Amino acid sequence: MSTIRRVGLLAASGAAVLAFATACGSSGYHSSTTPPPSGPSSTAPMMPSPGQSATTVKVINNGSLGQILTDSNGFTLYRFDVDSNNPPTSNCNTGCIDTWSPATVTGQPTGTGVDASQLSTITRPDGTKQLTFHGWPLYRYSGDSKAGQTNGQGIGGTWWAVTPSGGKAMAASSSPTAPPSTGGGY
Numbered sequence: 290m291s292t293i294r295r296v297g298l299l300a301a302s303g304a305a306v307l308a309f310a311t312a313c314g315s316s317g318y319h320s321s322t323t324p325p326p327s328g329p330s331s332t333a334p335m336m337p338s339p340g341q342s343a344t345t346v347k348v349i350n351n352g353s354l355g356q357i358l359t360d361s362n363g364f365t366l367y368r369f370d371v372d373s374n375n376p377p378t379s380n381c382n383t384g385c386i387d388t389w390s391p392a393t394v395t396g397q398p399t400g401t402g403v404d405a406s407q408l409s410t411i412t413r414p415d416g417t418k419q420l421t422f423h424g425w426p427l428y429r430y431s432g433d434s435k436a437g438q439t440n441g442q443g444i445g446g447t448w449w450a451v452t453p454s455g456g457k458a459m460a461a462s463s464s465p466t467a468p469p470s471t472g473g474g475y
């Protein structure tokens, strides 16, 4: 990727983060976490584009969160409390997806260390297939610039790394939550 294109993409990402933070602030969802830097970086995220397949879900051991799910490239997968798992529904659309990239797949998703029967997909408004686990739509965070990072953990009190049981990952001093049977609202 050329330096000019990378700088352009990073600048656009920074603007999207600012727009998302502003939009979330007005809707009651906001983050007390500082957004990622928007300048050039040699560790720019290597996120799969919406057309790429990220079909293998893996379990890794994160020092502070315990076991969490990652995609094929080792990027942390997150769930959004405003989504629903019954029925599986994504409520992260328009500006939200600039910061929280839906984990899209082609074909049947597979898993290593997870109950593969709980892996599925939903169809997004643009026709892409978004990965779900225990019904929860899964995402990647734009602020995770390399595999294993969990910079999106707890943002706005609504974004969480996912455990192998489909629950929200919590710090070692907290108890992980079981996946709820219904999605709740806002």
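Residue numbers 290 to 475, in the working numbering, belong to the letters of the sequence shown in order.
Quick reminder that beta carbons are idealized off the backbone N, C-alpha and C, glycines included.
Predicted model, so just to flag it, every value in this text is computed and none were measured.
- Close CB contacts of GLY424 within its chain, under the 7 Å cut and outside five residues either way in sequence, are with ASN374, ASN375 and PRO377 (chain order).
- In the DSSP assignment, no residue is bridged to ILE444.
- Excluding its 5 nearest sequence neighbours in each direction, ASP370 has C-beta neighbours in its own chain below 6 Å: THR447, listed in chain order.
- In this structure, VAL394 lies away from THR412, with their beta-carbon atoms at least 8 Å apart.
- Here GLY441 really is in contact with TYR430; their C-beta atoms are around 3 Å apart, less than 8 Å.
- Excluding residues up to 5 positions away in sequence, nothing lies with its Cβ nearer than 6 Å to the Cβ of GLY352 in the same chain.
- Taking 8 Å as the cut-off, the beta carbon of PRO426 is found no closer than this to the beta carbon of LEU358.
- The C-beta distance from LEU366 to VAL346 rounds to 7 Å, short enough to meet the 8 Å contact threshold.
- For THR401, the enclosing beta strand (DSSP E) covers residues 399-401.
- Taking a 10 Å sphere around the C-beta of THR421, we find 16 or more other C-beta atoms and assign the residue as buried.
- In this structure, DSSP gives THR378 an extended state, which the three-state scheme calls strand.
- Within the DSSP secondary-structure output, THR410 pairs in a beta bridge with LEU420.
- Under the DSSP assignment, THR388 falls in the alpha helix (DSSP H) whose first and last residues are 385-388.
- Inter-residue distance for SER379 and ALA392 is about 11 Å (C-alpha atoms, whole angstroms).
- Under the 10 Å beta carbon count, GLY416 is surrounded by fewer than 16 other beta carbons and is classified as exposed.
- Taking a 10 Å sphere around the C-beta of LYS457, we find 16 or more other C-beta atoms and assign the residue as buried.
- Residues LYS347 of the same chain have their beta carbon placed closer than 6 Å to that of THR401, with the five preceding and five following residues left out of the count.
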